[in-house]
Amino acid sequence: MATSCPSVDYWRWAPEIDIISNDHYLTASRLDAHVMLAMDADFTRSLAAGRPWVLMEHSPSAVNWQPRNIAKRPGELARNSMSHLARGADAIMFFQFRASRFGAEKFHSAMLPHAGRSSRVWNEVVELGELAGHLSELRGSRVEASVAVVWSTESFWAQELEWRPSVDLSHRERLEAFYSELWKLGVTVDFVHPGADLLGYHAVFAPALYLLDEASAANLRAYVEGGGVLAVSYFSGIVDEFDAVPAGPFPGRLREVLGLSIEEFQPLREGERVAVTGGSSGSVWTDEIVLDGAEPVEHYIDGPAAGLPAFTRNALGDGSAWYVSTKLDGSALGSFIDDVLTDAGLTVVPPPTGLERVIRVADDGTRFLVAINHAEADVVIDAVGTDLATGEATDAATLVPAGATRVIRLDG
Amino acid sequence: MATSCPSVDYWRWAPEIDIISNDHYLTASRLDAHVMLAMDADFTRSLAAGRPWVLMEHSPSAVNWQPRNIAKRPGELARNSMSHLARGADAIMFFQFRASRFGAEKFHSAMLPHAGRSSRVWNEVVELGELAGHLSELRGSRVEASVAVVWSTESFWAQELEWRPSVDLSHRERLEAFYSELWKLGVTVDFVHPGADLLGYHAVFAPALYLLDEASAANLRAYVEGGGVLAVSYFSGIVDEFDAVPAGPFPGRLREVLGLSIEEFQPLREGERVAVTGGSSGSVWTDEIVLDGAEPVEHYIDGPAAGLPAFTRNALGDGSAWYVSTKLDGSALGSFIDDVLTDAGLTVVPPPTGLERVIRVADDGTRFLVAINHAEADVVIDAVGTDLATGEATDAATLVPAGATRVIRLDG
Amino acid sequence: MATSCPSVDYWRWAPEIDIISNDHYLTASRLDAHVMLAMDADFTRSLAAGRPWVLMEHSPSAVNWQPRNIAKRPGELARNSMSHLARGADAIMFFQFRASRFGAEKFHSAMLPHAGRSSRVWNEVVELGELAGHLSELRGSRVEASVAVVWSTESFWAQELEWRPSVDLSHRERLEAFYSELWKLGVTVDFVHPGADLLGYHAVFAPALYLLDEASAANLRAYVEGGGVLAVSYFSGIVDEFDAVPAGPFPGRLREVLGLSIEEFQPLREGERVAVTGGSSGSVWTDEIVLDGAEPVEHYIDGPAAGLPAFTRNALGDGSAWYVSTKLDGSALGSFIDDVLTDAGLTVVPPPTGLERVIRVADDGTRFLVAINHAEADVVIDAVGTDLATGEATDAATLVPAGATRVIRLDG
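Heads up: the protein sequence lines correspond to chains A, B and C, in order.
According to our numbering, the first sequence is numbered sequentially starting from 16.
According to our numbering, the second sequence is numbered sequentially starting from 16.
According to our numbering, the third sequence is numbered sequentially starting from 16.
This is how it looks when you write it as structure tokens:
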């Protein structure tokens, strides 16, 4: 299952089938391939409604169909596997057992490579098997997530139609951008359909929710009125489920929950950046926002919407709805997300760079921490419990060496 | 009507029809879109043989089919409209009245946008209608132009054929380059077929006149012998109307009027620049020129034609014919054009940057000045007369604020 | 005959035909077009098994089908012709006699251009004809070469198949790179099939010999054991003649002769460079090498194979086999090649920059030196004999002016 523009709506398909599985291959050219892996794993678990799922295929090392098929670094095979496990996979399988001497896949990596059983890859596979033997307690446990990201397959499709205001608009790009900053903040998320039950989540992010049907719009509003915190990015709420613009100004069915309307889209030129108060800057897009209840949070300093609001917050019922009208990147987006999470009462302490931390909870309440150190420096974590691989006790200063993984049954 | 490589020869079509009209849309990514608008308007008027014409469509703000559909800035809707009017349009219409909620054009701007009657666009449309109500005196007046630019549809077509000496050759690019520098110099031009009556023009520019039939060649020669000043750029006069090379050296039927022949084309490498005496430099093309009557004006300092003439002037009869054998850009081309205009007895005083000035003359001799300030600074113009919008007198120090337009009935 | 990926295996075709000929046109955008000309001429002669061959077509100046059809510089027509002659062509013909006034080739250069008999091109053709009249002694003589480069059409084909480890792998690119550095070192080479008789060569280079059948592998091994020096670049010996990977680690049938195996390919990212001990650096590719008899010559300083061997040398029988596991460019590759040639007992004195020197030997042992100065500075060469163009004696300090050619019958 690829998570670029999907050809079927998995939200509608998933409830009809018994086992949710994924084939996952890294995009080797991306230095953040491990973050994209986490995103795909979280999406797969979300399709499974939180139940355990099967990683049907991934590769021990390089594949053979990308432009440059970079080999996995030492330990990367195990880190990838454990990240899938952390995010709910209860079965993890490789393609392929033995490297083939013939045919189109002869340069695809294998558990047993052409170089044979003396190879690093083979030995890392054996080690991973040993580790897995110690992890049976995690089977059937659920991943803990208090934040949701809206993933709308229909928005994805509709936004790919011709005659959009700007070729720089991309549903997938915004999903990845929001997810990546949440990952860096150490926040585990579920993906949700915009019409899903949102009551359990402290905050919901809706990046590029272009298409919105009436029931989903009402669902988002009810979530906010009931005390939830919603954050929406530009080019959301633009059309209904028939690809028609709701009567009146943009953003149609989101006007009331966001407390604003848009007089005119102000897309930016190729490469253009606009400055925003508070020290950030945006690209691709701006809006001419007319406030109708919302409060401005930051303003544009220059560009076609100079002087107008850039980010807004609308208090509604017991909750609030945020809007960001430009493309923020990296730490600027991370800072916006952090402000939204704070508004939702979540205090985020970002983990050390490159450290992935996910909690799985068993039916009996036992909590398991999977900690994966993707960085090249050792880190120390606070995790009082038992290391499942060794059976030894861990404490408030537990070492996770560079490149290593720990699975810890937490005390209490 | 697009003015990139046209699919019909408008010169042959226009005399057969009653009303000449144009649909015009800015190329939003070009910062000089207002200059290209003027070029297209001048070409439309030239097809109409100077008679008034109809702007059948343009847009109030953004379109929906370009890569990034940039909205028009405040006042741009009026500046665009008045530039069409200045250059001979007696009717100016928008596409579309009301923004559609459905279908492929739902993101195309409209006089009445999705945002409704409180919007800036709607209010600017209303203001433009009020202004237009004061301008009925201009109806039927003619645009004043003393310089012509040769536009040959057949050259356009022939130059697009395969197997040209360089992919960097472009008929359209040279037409735009010459027009743009003439615009900056404040010189209003007509476009002409190379076989047209040229007697009324002080100077005629022929950029990239690749194909030339015998009658047109004789027409250009008669123009020069009769006292006209002609300026021709490289890769002109190369083939006849059957796409055949005339016998003997290039430039075939232009050899005698230019007073030179070309021993060998010397196209340049990608990105290569050659220095020319007098401080300019060229790209794309050079020729090995053998003088045969013409005088060298400037020489190549380096490149494959180092030491040979770069620009030449041939005195012939009562006039003269200039040749420029390399691609000049920006101010270097402007300077070349200025020298040609000076040779033609025209003294050019360039307007302030971004100021467009065009004169329309009524049948009774009344002269109207349309002044459009495209810049972000106010300018003062010398225009003694009456402002048609206000009915107030104007003088030798009349203000045209940044972004504004004036239409003045000139005294005397 | 183009020498990019060939559509037939000339090695199998050539023995069946009576006359080997080539059509050769410079790639005008390449500043090293004269080196590529030499490569193609050497390949043509190699197909003819060293016998004289026919240059059926080349151009007096520009062609008309490349993006920018750069004209030949003064003297280039003769230098190109004499380079073909130096490398074994006994007949040299131009396309075309007279420039056509009509059709697709009217901008293709000709011996008699549109500009007529006063032109430089025509006069250079006449001069070349006069020179050729003095060179009949060379007819039938053979080119002297003591180094061979393996050119495997089947490797070419097989490497173009889909699903390669990296899109940056290119058989042609490595052939050109090795040839270019040998040219700069002044070393004349024959091209050979990997199964050819190699006994006469001091050194054999095999760049990107991806596919290797069993007989050819045995042939290379026998060459080394018999005292030859072989140098192989990365991604060689990977598959057999059925595109299957030989059992065991890469490089399959080259493991024993190279004295090493490869545990895993480590292709590099786009633009990535790795440092190598000894001051060079590589791109595109590295291997995790496991030595099995070979000695390391240089090591990787960084990158995915950091600390492992980068270049190796295996002493085997009376000879040796070198391996280079990364893409070296320019002088770094020249230096590697020079080390291999030194190992083969060849002392190379590189000629002055841009000087091409080739020896042809007649059946009676008479030796002819063709010296072509492609540079813009005069050079002096040591050539005691007789200049065939003038009949005058030459000596140990014979001038070859910038851009000029000398053909000298050497004394003794």
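Glycine included, C-beta positions come from ideal geometry on N, C-alpha and C.
Because the structure is a prediction, the values reported are computed rather than measured.
Which stretch, first to last residue, makes up the beta strand (DSSP E) that contains residue i?
i: residue 382 of chain C; result: 382-388
i: residue 400 of chain A; result: 400-402
i: residue 372 of chain A; result: 370-376
i: residue 27 of chain C; result: Segment 25-28 is the alpha helix (DSSP H) holding residue 27 of chain C; no beta strand (DSSP E) there.
i: residue 414 of chain A; result: 413-415
i: residue 38 of chain A; result: 36-38
i: residue 289 of chain B; result: 288-290
i: residue 296 of chain B; result: 296-298
i: residue 396 of chain B; result: 394-396
i: residue 163 of chain C; result: 162-165
i: residue 32 of chain B; result: Residue 32 of chain B -> no beta strand (DSSP E), and no H or E assigned at all.
i: residue 204 of chain C; result: 204-207
Tell me which residue opens and which closes the alpha helix (DSSP H) that residue i is part of.
i: residue 172 of chain C; result: 168-174
i: residue 68 of chain C; result: No alpha helix (DSSP H) holds residue 68 of chain C; the beta strand (DSSP E) holding it covers 68-72.
i: residue 352 of chain A; result: 345-358
i: residue 183 of chain C; result: That residue, residue 183 of chain C, is in no alpha helix (DSSP H); it is neither H nor E in DSSP.
i: residue 55 of chain C; result: 48-62
Please check the pair residue i and residue j, which I expect to be a contact at CB under 8 angstroms, by giving their CB distance rounded to whole angstroms.
i: residue 254 of chain C; j: residue 336 of chain C; result: With 8 angstroms as the limit, residue 254 of chain C and residue 336 of chain C do not qualify as a contact, their Cβ atoms being about 19 angstroms apart.
i: residue 236 of chain B; j: residue 272 of chain B; result: 5 angstroms
i: residue 347 of chain A; j: residue 298 of chain A; result: Not really, about 10 angstroms apart at Cβ, beyond 8 angstroms.
i: residue 213 of chain A; j: residue 238 of chain A; result: 4 angstroms
i: residue 74 of chain C; j: residue 112 of chain C; result: The pair is not a contact, with the Cβ atoms about 12 angstroms apart (cut-off 8 angstroms).
i: residue 305 of chain C; j: residue 326 of chain C; result: Contact flag wrong, Cβ pair sits at about 15 angstroms.
i: residue 115 of chain C; j: residue 371 of chain C; result: Not really, about 33 angstroms apart at Cβ, beyond 8 angstroms.
i: residue 278 of chain C; j: residue 124 of chain A; result: With a Cβ gap of about 12 angstroms, residue 278 of chain C and residue 124 of chain A do not count as contacting.
i: residue 174 of chain C; j: residue 225 of chain C; result: 5 angstroms
i: residue 164 of chain A; j: residue 193 of chain A; result: 6 angstroms
Compute the Euclidean distance between the alpha carbons of residue i and residue j, then round it to the nearest angstrom.
i: residue 230 of chain C; j: residue 210 of chain C; result: 7 angstroms
i: residue 333 of chain B; j: residue 218 of chain B; result: 13 angstroms
i: residue 25 of chain A; j: residue 61 of chain A; result: 10 angstroms
i: residue 78 of chain A; j: residue 119 of chain A; result: 11 angstroms
i: residue 249 of chain A; j: residue 198 of chain C; result: 59 angstroms
i: residue 369 of chain B; j: residue 106 of chain B; result: 25 angstroms
i: residue 362 of chain B; j: residue 203 of chain B; result: 13 angstroms
i: residue 283 of chain C; j: residue 84 of chain A; result: 8 angstroms
i: residue 16 of chain A; j: residue 378 of chain A; result: Residue confidence for residue 16 of chain A is low, a pLDDT of 38 falling below 50, so the modelled location carries little weight; the figure read from the coordinates is stated next. Taking the straight line from one Cα to the other gives about 29 angstroms.
i: residue 311 of chain A; j: residue 196 of chain A; result: 23 angstroms
i: residue 103 of chain C; j: residue 373 of chain C; result: 10 angstroms
i: residue 380 of chain A; j: residue 404 of chain A; result: 21 angstroms
i: residue 291 of chain B; j: residue 131 of chain C; result: 28 angstroms
i: residue 262 of chain B; j: residue 390 of chain B; result: 51 angstroms
For the region 118-156 of chain B, which segments carrying the alpha helix (DSSP H) assignment without a break, of at least 4 residues, lie completely within its bounds, in sequence order?
Fully enclosed alpha helix (DSSP H) runs of 4 or longer: 135-147.
Across the region 417-427 of chain A and the region 377-397 of chain A, are there enough close Cβ pairs to call them in contact, namely three or more that are closer than 8 angstroms?
The region 417-427 of chain A is in contact with the region 377-397 of chain A.
Give the list of continuous beta strand (DSSP E) stretches no shorter than 3 residues that lie fully inside the region 217-283 of chain C.
218-221, 244-248, 275-280
Curious, which full-length alpha helix (DSSP H) runs of at least 4 residues does the region 71-113 of chain A contain?
Fully enclosed alpha helix (DSSP H) runs of 4 or longer: 91-101.
Between the region 174-186 of chain A and the region 45-52 of chain A, do at least 3 Cβ pairs fall closer than 8 angstroms?
no
Answer yes if the region 217-234 of chain B comes into contact with the region 393-403 of chain B, meaning at least three C-beta pairs across the two stretches below 8 angstroms, and no otherwise.
no
With a threshold of 8 angstroms, are at least 3 pairs of Cβ atoms found where one atom belongs to the region 129-147 of chain A and the other to the region 93-106 of chain A?
yes
Can you check the region 310-334 of chain B for any beta strand (DSSP E) of at least 3 residues that lies completely inside it and give the ranges in chain order?
310-314, 324-331
Cβ contact (3+ pairs, closer than 8 angstroms) linking the region 259-269 of chain A and the region 315-329 of chain A
A contact between stretches requires three or more CB pairs, one per stretch, nearer than 8 angstroms, and the region 259-269 of chain A fails this requirement with the region 315-329 of chain A.
Tell me, please, whether the region 157-171 of chain A touches the region 107-126 of chain A by the rule of three or more beta-carbon pairs shorter than 8 angstroms.
Because the criterion of three Cβ pairs below 8 angstroms is not met, the region 157-171 of chain A and the region 107-126 of chain A do not touch.
Would the region 27-40 of chain B count as touching the region 406-422 of chain A if we require 3 or more Cβ pairs under 8 angstroms?
no
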